[in-house]
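Numbering follows the working numbering, in which position 88 of the sequence shown is assigned residue number 89; successive positions increment by one, without gaps.
For every residue, glycine included, the Cβ atom is placed at its ideal position computed from N, Cα and C.
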Amino acid sequence: MAKLDPKNGLVGSIGQLVFRRVNGETVVQGKPEKTGRPPSGRSKETATDFGRASQTTSRLMGGLRPFIGNMYDSQFFNRFRKAVYQGMKMNNTLPQGSFDLWQGEPTVLEGLEADLKNQYSQYVQMRGLQLNLKAGTLEISVPEFKADNHLSWPVKASEAELGYWISVYESQTYQVLRHEFFRIPIPHKTQRIPATHYTATALPAEALLLVTAGVLYYTADFRMGKVCMNSKAFNPTQVLKVFRT
């Protein structure tokens, strides 16, 4: 449907024609899907790369699904895909149409938040946390910390749990090879938690690793006992670190 905009310019569509305002003038175009001509040249290559970014994002998120479920905001997939696409393009030796995240820069995924309104970085301040990959071994070292100093607590929360989800992907197809979960229970907000160390060994060669961190909060319910407070509307979770073996 076409209509006049506030400046009396025709915008919208009629049949196979599309009306747009460009630099103050009305431009008429045919709808691409109605022309009968497939995309060619740079537009085709861009579409190929964007399609690969979408497929890669779906597979990477599949590896996170057991950890985050559907507890992420409505734009998380789009932010994830944007970061994947950006990382794919960071290898300037590849021709357009052949971009790939493994051959690009996958570390652009670091810092990606699942819930922008409740960011992991706002709820967890873990100074001294170390994540290192060496000779096929991933080590996570969490220093001693005081729960009420290093975590922000929702009003009704009485317990918490820090979780580090390790998802391992094949470098060519991004199929999930394995995953591991390192968790640290926090029984009370005044608790002092001792230093903890976790080791993931025998990681496959030429694999992509995502270490995703999250914090689960629990409240005490008289009838139901301990109840998790995290939901689709509240889930502080972040892609913390990305490695290539």
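Practice task
State yes or no: is the C-beta of Val216 within less than 8 Å of the C-beta of Leu163?
Solution key: Walking along the sequence shown from the start, residue 216 turns up at place 215. Walking along the sequence shown from the start, residue 163 turns up at place 162. In this structure, Leu163 lies closer than 8 Å to Val216 by Cβ.
Practice task
Could you work out which residue in Tyr124, Leu134 and Met89 is closest to Asn150 when comparing CA atoms only?
Solution key: Counting from one through the sequence shown, the residue named residue 150 turns up at place 149. The shortest C-alpha separation from Asn150 is found at Tyr124.
Exercise for the section: Report yes or no: do the segment 140-147 and the segment 92-107 share at least 3 C-beta pairs separated by less than 8 Å? Expected result: no
Exercise for the section: Return the residue from the list Phe51, Pro237, Lys83 and Ile194 that minimises the CA-CA distance to Gly98. Expected result: Locating residue 98 in the sequence shown gives position 97, where the first residue counts as 1. Cα-wise, what sits closest to Gly98 is Phe51.
Handout entry: Identity of the residue in Ala48, Leu210, Asn92 and Pro195 nearest Arg60 by Cα
Key = Working through the sequence shown from its first residue, we reach residue 60 at position 59. Per the Cα distances, Leu210.
Practice task
List the DSSP bridge partners of Trp154.
Solution key: Taking the sequence shown and counting its residues from 1, the one referred to as residue 154 is at position 153. Answer is none; Trp154 lacks a bridge partner.
Handout entry: Separation of Ala48 from Ile185, as counted between CA atoms
Key = Looking up residue 185 in the sequence shown gives position 184. Looking up residue 48 in the sequence shown gives position 47. If I take the Cα positions, the gap works out to 43 Å.
Handout entry: Simplified DSSP assignment, three categories, for Ser122
Key = Locating residue 122 in the sequence shown gives position 121, counting from the first residue. Looking at Ser122 - three-state DSSP - the assignment turns out to be helix.
Exercise for the section: Tell me the start and end of each unbroken beta strand (DSSP E) in the segment 81-124 that is at least 3 residues and wholly inside, in chain order. Expected result: none
Exercise for the section: In the DSSP assignment, find the unbroken beta strand (DSSP E) run with Ser142 in it and report its ends. Expected result: Along the sequence shown, read from residue 1 onward, the residue named residue 142 stands at position 141. Taken as a continuous stretch (DSSP letters only), the beta strand (DSSP E) holding Ser142 covers Thr138 to Val143.
Exercise for the section: Would you check if the segment 198-212 and the segment 223-235 touch, i.e. whether three or more CB-CB distances between them fall below 8 Å? Expected result: no
Practice task
Please classify Lys227: does DSSP put it in a helix, a strand, or coil?
Solution key: Residue mapping note: residue 227 aligns to position 226 of the sequence shown, counting from 1. Strand at Lys227.
Problem - Residue range of the beta strand (DSSP E) that includes Pro188 - result: Taking the first residue of the sequence shown as 1, we reach residue 188 at position 187. Taken as a continuous stretch (DSSP letters only), Pro188 belongs to no beta strand (DSSP E), as it is neither H nor E.
Practice task
Determine the burial state of Lys242: buried for a count of at least 16 other Cβ atoms within 10 Å of its Cβ, exposed for fewer.
Solution key: Mapped onto the sequence shown, residue 242 falls at position 241. Lys242 should be labelled buried.
Practice task
Please list, in chain order, all residues of the same chain as Gln87 whose beta carbon is under 7 Å from its beta carbon, the five residues on each side excluded.
Solution key: As a first step, residue 87 must be located in the sequence shown, where it is residue number 86. Counting only Cβ-Cβ distances below 7 Å, and skipping sequence neighbours, we find Val109.
Handout entry: Contact under 8 Å by Cβ, Glu114 with Tyr121
Key = Taking the first residue of the sequence shown as 1, we reach residue 114 at position 113. Taking the first residue of the sequence shown as 1, we reach residue 121 at position 120. It is a contact, given that the beta carbons lie within the stated cut-off.
Exercise for the section: Tell me where the beta strand (DSSP E) around Thr197 begins and ends. Expected result: On the sequence shown, residue 197 is found 196 positions in, with the first residue counted as 1. Start and end: Thr197 to Ala201.
Handout entry: Proximity winner among Arg82, Glu46 and Lys45, relative to Met62 (alpha-carbon distances)
Key = Numbered from its first residue, the sequence shown carries residue 62 at position 61. If we check each option's Cα against that of Met62, Arg82 comes out closest.
Practice task
Quick one: using the 10 Å Cβ neighbour count with 16 as the cut-off for buried, is Lys35 buried or exposed?
Solution key: Indexing the sequence shown from 1 puts residue 35 at position 34. Because the pLDDT at Lys35 is just 49, under 50, the model does not fix this residue reliably, and the point stays unresolved.
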